[in-house]
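Visitor: Residue numbers (the UniProt record's numbering): 1 to 416.
The structure follows.
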């Protein structure tokens, strides 16, 4: 009935079970017996090691059906034997077809959610991959423009349909593709960027909480801007008033500008990327804070050490580094990195000063991050008082069954 059958063990084994897509039946992926499968409790991923066998023909990127070891329906999703994540589920409704109307419904649901939770900005994440039940799809809105990422083969094959629907639903002035993310290479996909609707000047302006920022859709980090910190920047209100502020890993200066808006006496932003600092200076100037904010190119680790030796002191320090690890194997080194920058920052704060410190590494869990901070405080003889714990903005919702969708931690601390 199903054609070929194979047992999953290696990539080589997988390569034996798909052909040219012959046959009319959807391939069926059967889970192994006798182990806990997160997918049965709502997680959208099926790893190769969790699969007993596959019945039927498929091409990489095709939609397949997933069943448990007894043959009971679990869901439908796209398959890629080149990836460690063999299947990413799109639906758990047995009769739901994965067609143009399916993607229309998913996109409309994602848009409706943002209409309810996003305020005071014309920029937000419209689609957050698994959390919006569209695995590996990222869509960000920046004013009248969209930035799109399709990070897995199974969603990339539907890119044209998705872009057409986004154009139909939102009628943006332009759409830019930022598929230059290395994770695509793990899916056997090329790294590409360019206009999907355009061309247009990729340097665009957005509004956020009454401030204006330039965003480089073509060259900025991620899709051009860190939308996930939008709500956390508001935490500076009350802390920055009259303060001397240090903003490490400042990128294009958003935290710096917010600090100035909330009354900082002087703000110093540090980043290793000269191009980002040029935009940071422009962002400060266009919001009227060009005299309050200054920016310096340098490695934050080196700069923190040098400022400590020079006896520099700040009332408020912001640490928003890039992810120090994207794998569990590199976690030990990441822990050392997070401890180092936080330890150095604590030494630059007077008693009663404030530290806003962030981690966007999924593997750096909330509890582990707190342990790292406490360890750093012990080493420099400091006490920490937790003001608040914050997370990613509401347009980056967390799917509780998928802990990978919770990645950004932001702790506001008072140091004594």
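Virtual Cβ for every residue (Gly too), placed ideally from N, Cα, C.
Residue 151 to residue 134, Cα distance in whole Å?
Guide: 11 Å
Visitor: Could you please give the first and the last residue of the uninterrupted beta strand (DSSP E) stretch that includes residue 365?
Guide: Element bounds for residue 365: n/a, residue is neither H nor E.
Visitor: Taking 6 Å as the limit between beta carbons, can you name the residues of its chain near residue 98, skipping five residues before and five after?
Guide: 63 and 90
Visitor: Count the CB pairs spanning the stretch 390 to 409 and the stretch 223 to 230 that are closer than 8 Å, and state whether there are at least three.
Guide: The stretch 390 to 409, when compared against the stretch 223 to 230, does touch it at the 8 Å Cβ threshold.
Visitor: Is residue 149 buried or exposed, if buried means 16 or more other CB atoms sit within 10 Å of its CB?
Guide: Looking at its Cβ environment, which holds 16 or more other Cβ atoms inside 10 Å, residue 149 is buried.
Visitor: Given a cut-off of 7 Å, decide if residue 147 and residue 223 are closer than it, judged by their beta-carbon atoms.
Guide: yes
Visitor: Do you know how far the Cα of residue 321 is from the Cα of residue 363?
Guide: 15 Å
Visitor: Could you please give me the residues that DSSP links to residue 414 through a beta bridge?
Guide: 354 and 385
Visitor: Is it the case that the stretch 310 to 330 contacts the stretch 367 to 374, given that we only count it when at least three CB pairs across the two stretches are under 8 Å?
Guide: no
Visitor: Report the option in 271, 389 and 384 whose CA atom is closest to the CA atom of residue 416.
Guide: The alpha carbon of residue 416 has as its nearest neighbour, out of 271, 389 and 384, the alpha carbon of 384.
Visitor: Quick check on the DSSP output: the alpha helix (DSSP H) that includes residue 130 runs from which residue to which?
Guide: Residue 130 -> no alpha helix (DSSP H), and no H or E assigned at all.
Visitor: Whole angstroms are fine: how far does the CA of residue 359 sit from the CA of residue 389?
Guide: 12 Å
Visitor: Have a look at the DSSP bridge pairing and note the partners of residue 123.
Guide: In the DSSP output, where bridge partners are listed per residue, residue 123 has 142.
Visitor: Entirely within the stretch 45 to 78 and at least 4 residues each: give me those alpha helix (DSSP H) ranges in chain order.
Guide: none
Visitor: Please determine if the stretch 303 to 315 and the stretch 275 to 292 are in contact, where contact requires at least 3 C-beta pairs separated by less than 8 Å.
Guide: No: the two stretches stay apart, fewer than three of their Cβ pairs being nearer than 8 Å.
Visitor: Provide the residue(s) that pair with residue 318 in DSSP beta bridges, ordered along the chain.
Guide: Residue 318 pairs with 247 and 356.
Visitor: Between the Cα of residue 199 and those of 217, 190, 211 and 212, spot the shortest distance and give me the residue it belongs to.
Guide: Checking every option, the nearest Cα to that of residue 199 belongs to 217.
Visitor: Given that a residue counts as buried once 16 or more other Cβ atoms are within 10 Å of its Cβ, and exposed if not, what is residue 153?
Guide: buried
Visitor: Following the continuous alpha helix (DSSP H) through residue 113, name the residue where it begins and the one where it ends.
Guide: 100 to 117
Visitor: In whole angstroms, what separates the C-alpha of residue 302 from that of residue 140?
Guide: Looking at the two C-alpha atoms, the distance is approximately 34 Å.
Visitor: For residue 233, collect the residues of the same chain with a Cβ closer than 7 Å to its Cβ; drop the 5 residues on either side in sequence, then sort them by chain order.
Guide: 254, 255 and 258
Visitor: What would DSSP say about residue 169, mapped onto helix, strand or coil?
Guide: helix
Visitor: For residue 46, does the count of other Cβ atoms within 10 angstroms reach 16, so buried, or fall short, so exposed?
Guide: buried
Visitor: So the alpha helix (DSSP H) residue 324 belongs to, where does it begin and stop?
Guide: Note, residue 324: premise wrong, no alpha helix (DSSP H); not H, not E.
Visitor: Where does residue 347 fall in DSSP's three states?
Guide: In the three-state reduction of the DSSP assignment, residue 347 falls in the helix class, which pools H, G and I.
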